[in-house]
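J.:
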Amino acid sequence: MENRGVYRLSPVVAIEDFGERSLALHCQDLRLVELNATARDLASRLDGQAGLHQVAREMARDYHHPLEAILEDVQALVAQMMALGIVEQVQSPGGGDTLF
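Numbering (our numbering), first residue to last: 1 to 100.
#1: Entirely within the segment 20 to 68 and at least 4 residues each: give me those alpha helix (DSSP H) ranges in chain order.
#2: Where does Phe-100 land, buried or exposed, given buried means 16+ other C-beta within 10 angstroms?
#3: Apply the 10 Å Cβ neighbour rule to Ala-14 and answer buried if 16 or more other Cβ atoms are within range, or exposed otherwise.
#4: Look at the alpha carbon of His-26 and the alpha carbon of Gln-80, and state the distance between them as a whole number of angstroms.
#5: With a cut-off of 8 Å on the beta carbons, I'd call Gly-85 and Leu-52 a contact; round off their distance for me.
#6: Return the first residue and the last residue of the beta strand (DSSP E) that Ile-86 is part of.
#7: Mark Leu-30 as exposed unless 16 or more other C-beta atoms lie within 10 angstroms of its C-beta, in which case mark it buried.
#8: Can you name the residues that DSSP bridges to Gln-80?
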């Protein structure tokens, strides 16, 4: 089953790149979270329009890894970033109501 959840960077988060790593600043909570290059790449692809499956497919192509492995990693990273308030879901997995 394709995960059609659509996500974007939270509007209260700013990301600054420092070489291979990045810092995400949650401006409301005043909390810094370090992102590795893969997490930063994922965050940059979450544009509020592409679904997770599409993002994972593009990353699998770019990283030359199997889609199933990338999709699993993408889902885990998005769950972690949601828990930290870095990204937010803008469309339900069923493709219905938007959450903003």
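Beta carbons: idealized from backbone N, C-alpha and C, even for Gly.
Since the structure is predicted, the reported quantities are computational estimates derived from the model, not experimental observations.
T.: To lay it out plainly:
#1: 37 to 45, 52 to 63
#2: Along the sequence shown, one-based indexing puts residue 100 at 100. With a pLDDT of only 33 at Phe-100, under the threshold of 50, the placement of this residue in the model should not be trusted; the figure read from the coordinates follows. Classification of Phe-100: exposed, given that the 10 Å Cβ count is below 16.
#3: Along the sequence shown, read from residue 1 onward, the residue named residue 14 stands at position 14. That one is exposed.
#4: Stepping through the sequence shown from its first residue, residue 26 is reached at position 26. Stepping through the sequence shown from its first residue, residue 80 is reached at position 80. Those two C-alpha atoms are separated by around 14 Å.
#5: The residue you call residue 85 lines up with position 85 of the sequence shown. The residue you call residue 52 lines up with position 52 of the sequence shown. So it is not a contact: roughly 18 Å between Cβ atoms.
#6: Along the sequence shown, one-based indexing puts residue 86 at 86. Where Ile-86 is concerned, there is no enclosing beta strand (DSSP E), given that its DSSP letter is neither H nor E.
#7: Your numbering for residue 30 matches position 30 in the sequence shown. Per the 10 Å Cβ criterion, exposed.
#8: Here residue 80 is taken as the residue at index 80 of the sequence shown, counted from 1. Paired residues: none, contrary to the question.
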